[in-house]
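Take the sequence shown: its position 57, counting from 1, is numbered 163 in this note's numbering, and each next residue is one higher.
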Amino acid sequence: MENWSGQTLEGEQIRFADLDSHGVVLNVYSPTCGPCIEEIPALNAIYARARATGVRMYMIVENNPFALGIFPEDEGGVDARAMEDPEQRRSIVRQRLQRDVNAYGIQVPIVIMDAPFTLSQKDSLVTATPETLFLTTNPLILRFNMIGPVSTRSNADDLAADTRMQFALSQLDRLSSDTADAEAGGGYN
């Protein structure tokens with residue numbers, strides 16, 4: 107996890123261990139995951155709160171077109187050999203994700219992850235989509251991994267009443283307050 111890095115859709119390189127923030131929330135997304143798409147309103151709400159509290163938030167995606175259901179013939183006849191080059195794959199994944207940003211109103215910045223990040227049920231912290239990881243920074247420490255969608259509700263009143271959403275927001279608030287306590291010399295709770 108310390109060496110997790112990637113590139114935003116805009117081309118900015120990010121290394122999560124180097125973030126200067128009160129914490130970071132990482133939501134693992136795939137365009138082929140129905141619950142991932144259903145939870146976008148909840149993620150947008152968490153992102154708005156994260157920005158207000160000094161916590162960074164990103165949706166992260168594996169740089170693997172095949173795992174995302176993207177095949178060469180789907181992208182205008184891209185040569186299958188192009189899928190072997192990480193930058194070519196990133197370009198194909200970026201185009202696909204940009205369509206989701208436009209179609210679903212995603213406000214959370216998206217990072218296409220570099221190796222060694224992978225989704226795997228055997229040898230990875232992240233086993234499937236969606237998962238939402240709440241991490242402290244400096245050092246990068248996992249505080250909570252929420253498996254499944256944060257919430258599939260879409261309007262503000264329903265989101266406010268959803269217990270999973272309430273829990274996610276409490277984890278976000280805890281990241282902000284724990285980091286502030288640590289900076290003041292109090293350590294993490």
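Even for Gly, the Cβ is constructed at its ideal location relative to N, Cα and C.
Expected contact under 8 Å - CB spacing of residue i and residue j to nearest Å
i: Arg202; j: Pro141; result: Wrong, their Cβ atoms sit about 18 Å apart, outside the cutoff.
i: Leu281; j: Val134; result: Actually they are not in contact, since the Cβ atoms of Leu281 and Val134 sit about 17 Å apart, beyond 8 Å.
i: Val131; j: Ile152; result: 7 Å
i: Val199; j: Asn169; result: 6 Å
i: Ser111; j: Asp220; result: 5 Å
Enclosing alpha helix (DSSP H) for residue i [first to last residue]
i: Gly160; result: Counting along the chain, Gly160 falls outside any alpha helix (DSSP H), and DSSP gives it neither H nor E.
i: Glu237; result: Here Glu237 belongs to no alpha helix (DSSP H); instead the beta strand (DSSP E) covers Glu237 to Thr242.
i: Leu265; result: Ala262 to Ala267
i: Gly140; result: Gly140 to Glu144
Neighbour-count burial assignment, residue i, 16 or more Cβ in a 10 Å radius
i: Asp124; result: exposed
i: Gly175; result: exposed
i: Ala148; result: buried
i: Phe122; result: buried
i: Thr243; result: buried
i: Gln113; result: buried
i: Thr269; result: exposed
i: Phe172; result: exposed
i: Ala156; result: buried
i: Phe240; result: buried
i: Pro236; result: buried
i: Phe223; result: buried
i: Ala286; result: Below a pLDDT of 50, predicted positions are generally treated as unreliable, and Ala286, at 48, falls in that range; the measurement from the model is reported next regardless. With fewer than 16 Cβ atoms within 10 Å of its Cβ, Ala286 is classed as exposed.
Endpoints, the beta strand (DSSP E) within which residue i is located
i: Arg125; result: Residue 125 is actually Leu in this sequence, not Arg. No beta strand (DSSP E) contains Leu125, which DSSP labels as neither H nor E.
i: Thr114; result: Ser111 to Thr114
i: Arg346; result: Shown here, the chain extends from 107 to 295; a query on residue 346 therefore has no answer.
i: Met219; result: Ile216 to Met219
i: Leu132; result: Val130 to Val134
Q.
Quick check on the DSSP output: what are the complete alpha helix (DSSP H) runs of length 4 or more inside the region 163-212, in order along the chain?
A. 192-210
Q. Contact between the region 245-258 and the region 271-283: three or more CB pairs below 8 Å?
A. yes
Q. Three or more C-beta pairs closer than 8 Å, one from the region 210-217 and one from the region 163-173: is that the case here?
A. yes
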